[in-house]
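Numbering (this note's numbering), first residue to last: 17 to 373.
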């Protein structure tokens with residue numbers, strides 16, 4: 017059994033894996049019974065069959081050198097009707113939903129992508145923090161933090177109704193999985209940062225009838241899992257991926273958690289980066305995860321085990337200030353960007369490298 021970690025590099029950078037038990041970045045082992053990574057020190061205290069990260073990397077088909085190609089070409093670009101794009105979702109028949117947030121107004125736009133333009137179908141001026149789509153493509157949304165309350169409300173046939181009230185908590189990110197379950201981030205009232213020991217930060221899974229099914233807050237060792245769930249996505253096995261902001265500047269990490277609250281991995285970028293500022297995540301049909309990093313204007317591709325497979329700077333395509341991202345039904349990656357100066361924001365439709373789609 018190998019004793020050293022197999023390195024995955026960007027140039028000369030290694031990609032550290034954090035220890036599940038102490039949080040250190042020198043994990044070299046994995047417990048197959050618990051499905052967690054650990055450092056050599058914590059390994060001595062954990063029973064069960066252990067395998068090295070060397071073997072995990074081979075199993076996940078990750079190469080020694082991280083690939084530098086995530087997307088290969090810009091297939092098309094669209095100018096939107098709003099200055100920036102904070103959240104972007106795709107639906108069938110080239111339908112997109114665009115959330116624009118600013119100090120002046122917050123607007124949700126539903127549009128259809130044509131060959132050279134976007135046909136606007138609906139516009140809603142509402143104080144939306146985040147939104148998602150249910151199985152019927154109805155919009156579920158919750159309010160910005162400056163609003164006194166943050167219920168989940170449903171837009172259907174141009175009518176709005178409340179379906180969930182979190183009192184005394186506040187809703188954060190929203191996501192509907194393949195089983196039509198609504199997955200929500202929640203926190204206590206008051207300032208979101210700093211996060212204290214008494215702070216309540218949860219991921220809650222509701223059924224399609226909006227009844228609470230599962231609450232995730234602590235890991236198997238009783239430690240707080242989340243700081244501020246800013247974006248939630250799921251894969252085909254309903255593993256939950258959470259873009260977790262750690263402070264008011266939105267620097268943070270990507271967490272992978274199963275429905276029992278077991279932390280599968282935590283990714284905070286390669287060691288060559290001081291920080292990452294993840295703003296969006298998307299999951300491909302092959303269950304690889306694409307992470308949009310605003311701070312470094314880059315895309316990170318991760319395996320289901322949290323191994324970095326590929327990395328690409330978006331300035332390769334002259335793309336800057338991108339906040340939002342989704343994958344459409346045909347497997348194209350859509351990236352939403354802020355407009356420059358007085359220009360409106362743009363959506364770039366990009367082809368994902370074949371090995372990830």
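For every residue, glycine included, the Cβ atom is placed at its ideal position computed from N, Cα and C.
As the structure is a prediction and not an experimental result, all values here were calculated from the model.
{"Asked": "Helix, strand or coil for residue 124? Go by DSSP, reduced to three states.", "Found": "strand"}
{"Asked": "Grouping DSSP H, G and I as helix and E and B as strand, with all else coil, what is residue 93?", "Found": "strand"}
{"Asked": "For residue 281, count the other beta carbons within 10 Å of its own beta carbon; 16 or more makes it buried, fewer makes it exposed. Which is it?", "Found": "buried"}
{"Asked": "Rounding to the nearest angstrom, what Cα-Cα distance links residue 142 and residue 123 in this structure?", "Found": "6 Å"}
{"Asked": "Determine the extent of the alpha helix (DSSP H) in which residue 59 is found, giving its start and end residues.", "Found": "56 to 59"}
{"Asked": "Measuring only the C-alpha atoms, how far is residue 159 from residue 140?", "Found": "13 Å"}
{"Asked": "Quick check on DSSP: helix, strand or coil for residue 209?", "Found": "coil"}
{"Asked": "Consult DSSP for residue 132 and reduce its assignment to one of helix, strand or coil.", "Found": "coil"}
{"Asked": "Going by beta carbon distance, what residues of the same chain come within less than 7 Å of residue 236, once the five residues before and after it are set aside?", "Found": "277 and 278"}
{"Asked": "Can you give the Cα-Cα distance for residue 117 and residue 47, rounded to whole angstroms?", "Found": "44 Å"}
{"Asked": "Which residues bound the beta strand (DSSP E) around residue 183?", "Found": "That residue, residue 183, is in no beta strand (DSSP E); it is neither H nor E in DSSP."}
{"Asked": "Run through the segment 325 to 373 for me and flag every whole beta strand (DSSP E) of 3 or more residues, listed as ranges in chain order.", "Found": "338 to 343, 348 to 353 and 362 to 368"}
{"Asked": "Kindly indicate which residue of 165, 192, 187 and 149 has the alpha-carbon position closest to the one of residue 171.", "Found": "149"}
{"Asked": "Excluding the 5 residues preceding and the 5 following residue 230 in the sequence, name in chain order all residues of the same chain whose CB lies nearer than 8 Å to its CB.", "Found": "220, 221 and 275"}
{"Asked": "Can the beta-carbon of residue 87 be found less than 8 Å from the beta-carbon of residue 341?", "Found": "no"}
{"Asked": "Grab me the residues of residue 344's own chain with a C-beta within less than 7 Å of its C-beta, minus the 5 sequence neighbours each way, in chain order.", "Found": "106 and 350"}
{"Asked": "Assign residue 316 to one of two classes, buried (16 or more other C-beta atoms within 10 Å of its C-beta) or exposed (fewer than that).", "Found": "buried"}
{"Asked": "In this structure, how does DSSP classify residue 244 when only helix, strand and coil are distinguished?", "Found": "coil"}
{"Asked": "Give the DSSP-derived three-state secondary structure of residue 200 in the structure shown.", "Found": "strand"}
{"Asked": "Determine the contact status of residue 303 and residue 320, defining contact as a CB-CB distance below 8 Å.", "Found": "yes"}
{"Asked": "Where do the ends of the beta strand (DSSP E) carrying residue 236 lie?", "Found": "No beta strand (DSSP E) holds residue 236; DSSP gives it neither H nor E."}
{"Asked": "Give the straight-line distance between the Cα atoms of residue 359 and residue 99, rounded to the nearest whole angstrom.", "Found": "7 Å"}
{"Asked": "Using a 10 Å radius around the Cβ and a threshold of 16 neighbouring Cβ atoms, would you call residue 162 buried or exposed?", "Found": "exposed"}
{"Asked": "With 16 as the cutoff for other CB atoms within 10 Å, does residue 357 come out buried or exposed?", "Found": "exposed"}
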